[in-house]
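First residue of the sequence shown: 1, per this note's numbering; consecutive thereafter. Where is the CB? At the ideal position from N, CA and C, for every residue including glycine.
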Amino acid sequence: MATLYVQEQGAMVRKEAQRVIISKQGQILQEIPLNKIDQVVLMGRGVQMSTALLVDLIGRGVPVMLTNQRGSRHYATLTAGPSRFGALRLQHMQRVIDPAWTLELARAIVAAKLSNQRTMLAASGWSAAPTAVAQITTALGSLEHAVDVDAVRGYEGAGAAAYFGAWRTALQQAWGFQGRAFYPPPDPVNAMLSFGYTLLMHDVLNAVQFTGLDPYLGVFHVIEAGRPSLALDLMEEFRPLVVDRLVLELVGTGAMRRDQFERPAQRPDAVYLDATGRALLVERYETVMQAATRLPTGEQTPMRRMILLQAQAVARVVRGEQERYRGYTP
1 MATLYVQEQG
11 AMVRKEAQRV
21 IISKQGQILQ
31 EIPLNKIDQV
41 VLMGRGVQMS
51 TALLVDLIGR
61 GVPVMLTNQR
71 GSRHYATLTA
81 GPSRFGALRL
91 QHMQRVIDPA
101 WTLELARAIV
111 AAKLSNQRTM
121 LAASGWSAAP
131 TAVAQITTAL
141 GSLEHAVDVD
151 AVRGYEGAGA
161 AAYFGAWRTA
171 LQQAWGFQGR
181 AFYPPPDPVN
191 AMLSFGYTLL
201 MHDVLNAVQF
211 TGLDPYLGVF
221 HVIEAGRPSL
231 ALDLMEEFRP
241 LVVDRLVLEL
251 VGTGAMRRDQ
261 FERPAQRPDA
271 VYLDATGRAL
281 LVERYETVMQ
291 AATRLPTGEQ
301 TPMRRMILLQ
311 AQAVARVVRG
321 EQERYRGYTP
């Protein structure tokens with residue numbers, strides 16, 4: 001098990017010998033060897049963890065992430081801290097105030113995202129796909145001539161409009177999908193996308209912090225207090241490959257049912273996955289992240305490791321050890 005997700009409200013997560021024990025009201029729900037866990041996600045304020053286990057995990061370099069119960073909001077990540085990466089972080093701060101450097105990195109990230117969106121649509125068989133593919137190709141061609149990051153954002157937005165426009169044509173009738181909307185998600189497809197992107201953000205954030213970069217100093221997403229802009233940046237190229245593909249598979253195979261969603265009484269305009277839906281998406285997400293994907297050399301590596309390799313590539317560019325960043329396009 002690479003990531004341990006705990007979403008049972010009222011659960012207690014503790015350490016016993018070299019095992020993690022999850023229990024509720026005195027009944028053991030799950031036991032996992034400590035050495036099998038790479039990260040922990042505690043979902044909801046009703047989940048508790050013992051201090052002894054928390055200290056042990058941090059000492060092992062295993063991050064503990066706190067989210068709300070639905071997984072749609074990330075509260076914090078607990079780690080040992082970035083103190084040993086002072087030199088890299090200083091270089092990182094110097095780089096992000098260089099407009100030419102930020103433009104080149106943002107352009108590379110968005111180029112990979114658009115390419116991956118185009119590949120996804122080309123394989124979909126949707127009637128609206130060819131038109132959207134042509135529009136994304138146009139955005140990719142224009143991206144090469146972007147003069148600043150705002151222009152890069154504009155071309156990314158044009159690609160996203162074409163991409164999710166094709167989704168709308170294909171999924172509107174059966175699933176009520178009108179387009180990408182996330183706060184709050186108004187339909188089941190958006191609910192799955194938002195939850196999946198939160199899971200992905202956990203993995204990208206973990207990779208960025210493990211590498212030693214500052215997750216709050218991004219280039220494409222605006223730097224704001226509390227926003228892990230660099231992690232959000234690096235997510236972009238993996239959104240189509242991981243979450244979008246997973247959601248379309250769940251919808252296309254009928255694995256996710258319409259009765260696995262709920263509308264909270266306090267938010268009747270919102271649609272969220274229920275507990276069984278979240279458990280299914282988490283299970284399928286972990287399968288994707290542990291599945292092999294192709295490196296540029298032709299070798300195979302798990303998708304989760306590919307994210308780490310991309311974060312390490314950014315670090316090499318920051319240090320000047322690599323001339324430019326190349327986004328991942330399998």
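Check, Outcome
"Can you pull the DSSP bridge partners for L308?", "L308 pairs with nothing; no bridge assigned."
"Going by beta carbon distance, what residues of the same chain come within less than 8 angstroms of I58, once the five residues before and after it are set aside?", "V64, L78, T79, A80"
"Indicate whether T102 and V96 have their beta-carbon atoms separated by less than 7 angstroms.", "yes"
"Find the nearest neighbour of T204 within the set E236, R70, L280, judged by alpha-carbon distance.", "The question names Thr, yet the displayed sequence has Val at residue 204. When only C-alpha atoms are compared, the closest one is E236."
"Here's the rule I'm using: 16 or more other beta-carbon atoms within 10 Å means buried, otherwise exposed. How should R107 be labelled?", "buried"
"Spatial neighbours of P184 within its chain, please: CB distance less than 7 angstroms, with the 5 preceding and 5 following residues excluded, ordered by chain position.", "R267, D269, A270"
"Taking the alpha-carbon positions, what's the A225 to V147 distance?", "26 angstroms"
"Kindly indicate which residue of D259, N68, A129 has the alpha-carbon position closest to the one of S194.", "N68"
"Could you round the C-beta distance between V122 and V133 to whole angstroms and report it? I think they count as a contact, below 8 angstroms.", "It is Ala, not Val, that sits at residue 122 in the sequence shown. About 6 angstroms; that satisfies the 8 angstroms criterion."
"Relative to the C-alpha of S115, which residue among R89, Y163, V222, L281 is closest?", "Y163"
"Start and end of the alpha helix (DSSP H) containing V247?", "245-253"
"What's the gap between the Cα of H202 and the Cα of F238?", "13 angstroms"
"Taking buried to mean at least 16 other C-beta atoms within 10 Å of its own C-beta, is I307 buried or exposed?", "buried"
"Please classify K36: is it buried, with 16 or more other beta-carbons within 10 angstroms of its beta-carbon, or exposed?", "exposed"
"So what does DSSP say about Q300, is it helix, strand or coil?", "strand"
"Quick check: the Cα distance between A160 and V219, rounded to an integer number of angstroms?", "18 angstroms"
"Given A139, which residues of its chain have a CB within under 7 angstroms of its CB, disregarding the five upstream and five downstream residues?", "L114, Y155, A158, G159"
"Based on DSSP bridge pairs, tell me the residues matched to Q30.", "I22"
"Following the continuous beta strand (DSSP E) through R60, name the residue where it begins and the one where it ends.", "Neither: R60 is in no beta strand (DSSP E) and is coded neither H nor E."
"Whole angstroms are fine: how far does the CA of G10 sit from the CA of A275?", "14 angstroms"
"Based on the DSSP secondary-structure assignment, which residues constitute the bridge partners of A292?", "P302"
"What does a CB cutoff of less than 7 angstroms around A112 pick up in its chain, not counting 5 residues either side in sequence?", "E237, G327, Y328, T329"
"Less than 7 angstroms between the C-beta atoms of Y197 and V247, yes or no?", "no"
"If E8 and L29 are in contact, beta carbons under 8 angstroms, what's the gap, nearest whole angstrom?", "6 angstroms"
"Starting from A231, trace the alpha helix (DSSP H) in both directions and tell me its first and last residue.", "229-235"
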